[in-house]
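Enquirer: Numbering (this note's numbering), first residue to last: 320 to 472. Where is the CB? At the ideal position from N, CA and C, for every residue including glycine. Please read through the structure below; I'll follow up with questions.
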Amino acid sequence: NLRRDYPSQILINLSLALLCLNLVFLLNSWLASWGVYGLCVGVASALHYFLVASFTWMGLEAVNMYFALVKVFNVYVPSYILKFCAIGWGIPLVVCLLVLVVNRDAYGSQLYADDKSNLKILNHNNDFCWIQDDVTFYVSVVGYAVMVLLFNI
């Protein structure tokens, strides 16, 4: 019964995005300590993807509430959840792929700032794989979150 109505399905997708975001966040430092640049880029892009996906699903939750509370009548959208899933999981994928295409070195860690061919294990306590470019961070994370929040007003 939980998966029958639209709000529950949207909430399940939001919960899945938040769960994956938390799992990647918790594993990030451990995986960064391995010292493998490609793994760090993968973890940073996964963290970015699930963060943007979480904001997207929060925005889609707001759109669904708008349809339910404001536009009560005549709001039939064919393949409603399929379209929401395409938006909720697809737009973050496009954002992350755009970051990788535009600036290949945007993801990484401070550990790799000087030498990207470094493959040995380094024991630093502050290793964290994330977006290293400030402009990329402000546009693809902060700008996206602000856009979702302004959309909700």
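1. Suppose the cutoff is 6 Å on Cβ atoms and the five residues either side in sequence are ignored; what does the same chain contact list for A365 look like?
2. Count Cβ pairs between the stretch 447-467 and the stretch 421-430 that sit closer than 8 Å; are there 3 or more?
3. Mark A387 as exposed unless 16 or more other C-beta atoms lie within 10 angstroms of its C-beta, in which case mark it buried.
4. Should N341 and A363 be called a contact, given that it needs their Cβ atoms to be closer than 9 Å?
5. If you drop the 5 nearest sequence neighbours on each side, which residues of the same chain put their C-beta closer than 6 Å to that of C529?
6. Give the DSSP-derived three-state secondary structure of Y399 in the structure shown.
7. Given a cut-off of 9 Å, decide if F374 and Y463 are closer than it, judged by their beta-carbon atoms.
8. Can you find the residues in the same chain that come closer than 6 Å, C-beta to C-beta, to C415, ignoring five residues on each side of it along the sequence?
9. Let me check one thing: in DSSP terms, what residues is W449 bridge-paired to?
10. Between E380, L337, L401 and L412, which lies nearest to F470 when the distance is taken from Cα to Cα?
11. Among the candidates A372, V394, C359 and D453, whose CA atom is the shortest distance from the CA of A405?
12. By the 10 Å Cβ neighbour count, where 16 or more other Cβ atoms means buried, how is I329 classified, buried or exposed?
13. Select from Y399, W408 and M377 the residue whose C-alpha is nearest the C-alpha of V465.
Expert: A quick look at the data gives this:
1. The beta carbon of A365 sits closer than 6 Å to those of V343, all from its chain and outside the five residues before and after it, given in chain order.
2. Flag = yes, the stretch 447-467 and the stretch 421-430 touch.
3. That one is exposed.
4. Result no, Cβ atoms of N341 and A363 do not sit closer than 9 Å.
5. Outside the shown range of the chain, which is 320 to 472, sits residue 529, and nothing can be said about it.
6. If DSSP states are grouped into helix, strand and coil, Y399 belongs with the helices.
7. For Y463 and F374, yes; Cβs fall inside 9 Å.
8. Cβ within range, chain order: S364, H367 and Y368.
9. Looking at the DSSP assignment, W449 forms a beta bridge with G427.
10. Ranking E380, L337, L401 and L412 by Cα distance to F470 puts E380 first.
11. The candidate whose alpha carbon is nearest that of A405 is A372.
12. Classification for I329: buried.
13. Here the closest residue by C-alpha is M377.
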